[in-house]
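Colleague: Structure below; questions to follow.
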Amino acid sequence: MSAATTDQSTAEVTINGTVREFDGPPHTNALDFLRGQGLTGAKEGCAEGECGACAIMVARPDESGGTRWTSVNSCLLPAAALDGGEVVTSEGLADGDSVHPVQEEMAVRGGSQCGYCTPGFISSMAAEYYRPDRCEDGFDLHSLSGNLCRCTGYRPIRDAANALGQPAADDALAARRDRPAPSARATDYQRADTATGTIGRYRRPSTLAEAASILSADPEVTVVAGATDWGVEVNI
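In the working numbering, the protein residues as written are 1 to 236.
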């Protein structure tokens, strides 16, 4: 473990502009953490990262040094992986009593029927809405390819996406793109599992050398990248 990494029993993440602490077992996924915080827009549909009902927006670095809002499946993402990060859920898009343009278009064009998939669609659509070069090449419908809907036949959802204009001049999430995204700081999150009494651990190196050191010390460690294997396994 490098000097940059410190043992920790809590992880901090900014959710919809408010800093919150995660102190659950390391195998807890971000979806369960968010719902435990009362943010129940994101839903568990498949628990395998295939339906998009759990989609949220996460601030990621872009090539220009700013921020790119990225849609991710929270059912696969370890909650501890959000340490130091910034997240916006479907609840965080509205501005007071005013709904977000994505939410408004989905509503007026009939893009929601049973509503189960709607928050995930809205999060994915909002991530594309804030893509800086969307004004040049139009809405990329592939940005919604990870979201499934059993009710609408997708036509009204597509209509909602294609009807979106550009973010307003005072849109805070659009302005956020001009500032650097949170850096992926080194994390060594440890917490006791009350059910088994064992100590669970999640480590995120900040450099390749640190990753190599961790693997050298413990070759049996589970390496998590997209979490499409591990994330499914812990949800079973």
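C-beta: ideal position from N, C-alpha, C; glycine also.
(1) Taking DSSP's pairing of strands, which residues face Pro25 in a bridge?
(2) Excluding the 5 residues flanking Asp140 on each side, which residues of the same chain have their C-beta closer than 8 Å to its C-beta?
(3) Is the CB-CB distance between Ala227 and Leu76 below 7 Å?
(4) Which value, in whole angstroms, describes the spacing of the CA atoms of Ala30 and Thr152?
(5) Tell me the DSSP secondary structure of Asp218 in three-state form.
(6) Between Cys117 and Ile157, what straight-line distance do the alpha-carbon atoms span, to the nearest angstrom?
(7) Roughly how many whole angstroms lie between the Cα atoms of Glu50 and Gly146?
(8) Is the CB-CB distance between Pro167 and Ala174 below 7 Å?
(9) Specify the secondary structure class of Ser2 as computed by DSSP and reduced to three states.
(10) Between the beta-carbon of Leu144 and the beta-carbon of Ser124, is there less than 7 Å?
(11) Going by DSSP, what residues sit across from Asn73 in a beta bridge?
(12) Under three-state DSSP, which class holds Gln15?
(13) What residue does the alpha helix (DSSP H) around Ile122 start on, and which one ends it?
(14) Can you say whether Ile236 is buried or exposed, counting buried as having 16 or more other CB atoms within 10 angstroms of its CB?
(15) In three-state terms, what does DSSP make of Gln103?
(16) When we look at the beta-carbon of Cys54 and count the other beta-carbons within 10 Å, is it buried (16 or more) or exposed?
(17) At what residue ranges does the stretch 146-203 contain a whole run of the beta strand (DSSP E), taking only runs of 3 or more?
(18) Who does Thr67 pair with in a DSSP beta bridge?
(19) Since I believe Ala59 is in contact with Arg204 (beta carbons under 8 Å), could you give me their beta-carbon distance rounded to a whole number of angstroms?
(20) Given Ala3, which residues of its chain have a CB within under 7 Å of its CB, disregarding the five upstream and five downstream residues?
(21) Among the residues of its own chain, which have a CB less than 6 Å from the CB of Thr10, if the five just before and after it don't count?
(22) Assess, as a yes-or-no matter, whether the stretch 99-111 is touched by the stretch 34-41 under the definition of 3 or more beta carbon pairs within less than 8 Å.
(23) Using DSSP with H/G/I as helix, E/B as strand and the rest coil, what is Val224?
Modeller: In short, the structure shows the following:
(1) For the purposes of this step, residue 25 is taken as residue 25 along the sequence shown, with counting starting at 1. Answer by DSSP bridge pairing: none, since Pro25 is not bridged.
(2) If you number the sequence shown from 1, residue 140 lands on position 140. Closer than 8 Å at the Cβ level, and outside the excluded window around Asp140, lie Glu128, Arg131 and Arg134.
(3) On the sequence shown, position 227 is the one that residue 227 refers to. On the sequence shown, position 76 is the one that residue 76 refers to. In this structure, Leu76 lies closer than 7 Å to Ala227 by Cβ.
(4) As a position in the sequence shown, residue 30 is number 30, starting the count at 1. As a position in the sequence shown, residue 152 is number 152, starting the count at 1. Straight through space, the alpha carbons of Thr152 and Ala30 are spaced by roughly 28 Å.
(5) Taking the first residue of the sequence shown as position 1, residue 218 is located at position 218. Assigned with DSSP and collapsed to three states, Asp218 falls in coil, not helix or strand.
(6) If you number the sequence shown from 1, residue 117 lands on position 117. If you number the sequence shown from 1, residue 157 lands on position 157. Their Cα atoms are separated by approximately 11 Å.
(7) Indexing the sequence shown from 1 puts residue 50 at position 50. Indexing the sequence shown from 1 puts residue 146 at position 146. Each residue's Cα considered, the two are about 6 Å apart.
(8) Taking the sequence shown and counting its residues from 1, the one referred to as residue 167 is at position 167. Taking the sequence shown and counting its residues from 1, the one referred to as residue 174 is at position 174. Yes; because the gap between Cβ atoms is below 7 Å, this pair is in contact.
(9) Along the sequence shown, one-based indexing puts residue 2 at 2. Unreliable positioning characterises Ser2 in this predicted model, as indicated by a pLDDT of 35, which lies under 50. The coordinate reading is nonetheless provided below. Reduced to three states, the DSSP call for Ser2 is coil.
(10) Working through the sequence shown from its first residue, we reach residue 144 at position 144. Working through the sequence shown from its first residue, we reach residue 124 at position 124. At the C-beta level, Leu144 and Ser124 come within 7 Å of one another.
(11) Translated into the one-based positions of the sequence shown, residue 73 becomes position 73. Looking at the DSSP output, Asn73 shares a beta bridge with Ala55.
(12) The residue you call residue 15 lines up with position 15 of the sequence shown. Correcting the residue identity first, residue 15 is Ile in this sequence and not Gln. Ile15: strand per DSSP, three-state reduction.
(13) What you label residue 122 is simply residue 122 of the sequence shown in a count that begins at 1. First-last of the alpha helix (DSSP H) with Ile122: Thr118 to Tyr129.
(14) Position 236 of the sequence shown, counted from the first residue, corresponds to residue 236. It counts as exposed.
(15) Along the sequence shown, read from residue 1 onward, the residue named residue 103 stands at position 103. Secondary structure of Gln103 (DSSP, three-state): helix.
(16) Position 54 of the sequence shown, counted from the start, is the residue given in the question as residue 54. With 16 or more Cβ atoms within 10 Å of its Cβ, Cys54 is classed as buried.
(17) You should have 187-192.
(18) Your numbering for residue 67 matches position 67 in the sequence shown. DSSP lists Pro61 as the beta-bridge partner residues of Thr67.
(19) Residue numbering aside, residue 204 sits at position 204 when the sequence shown is read from its first letter. Residue numbering aside, residue 59 sits at position 59 when the sequence shown is read from its first letter. The beta carbons of Arg204 and Ala59 sit about 16 Å from each other, so the pair does not count as a contact at 8 Å.
(20) Along the sequence shown, one-based indexing puts residue 3 at 3. Any reading at Ala3 must be qualified, since the residue scores a pLDDT of 36, below 50, and its modelled position is unreliable; the value itself is stated next. Apart from the 5 residues on each side of it in sequence, Ala3 has no Cβ closer than 7 Å to any other Cβ in its chain.
(21) Taking the sequence shown and counting its residues from 1, the one referred to as residue 10 is at position 10. Excluding residues within five positions, the ones whose Cβ falls inside 6 Å are Glu21 and Asp23.
(22) They do not touch, by the three-pair rule.
(23) Residue 224 sits at position 224 when you count from the first residue of the sequence shown. The answer is coil: DSSP assigns Val224 none of H, G, I, E or B.
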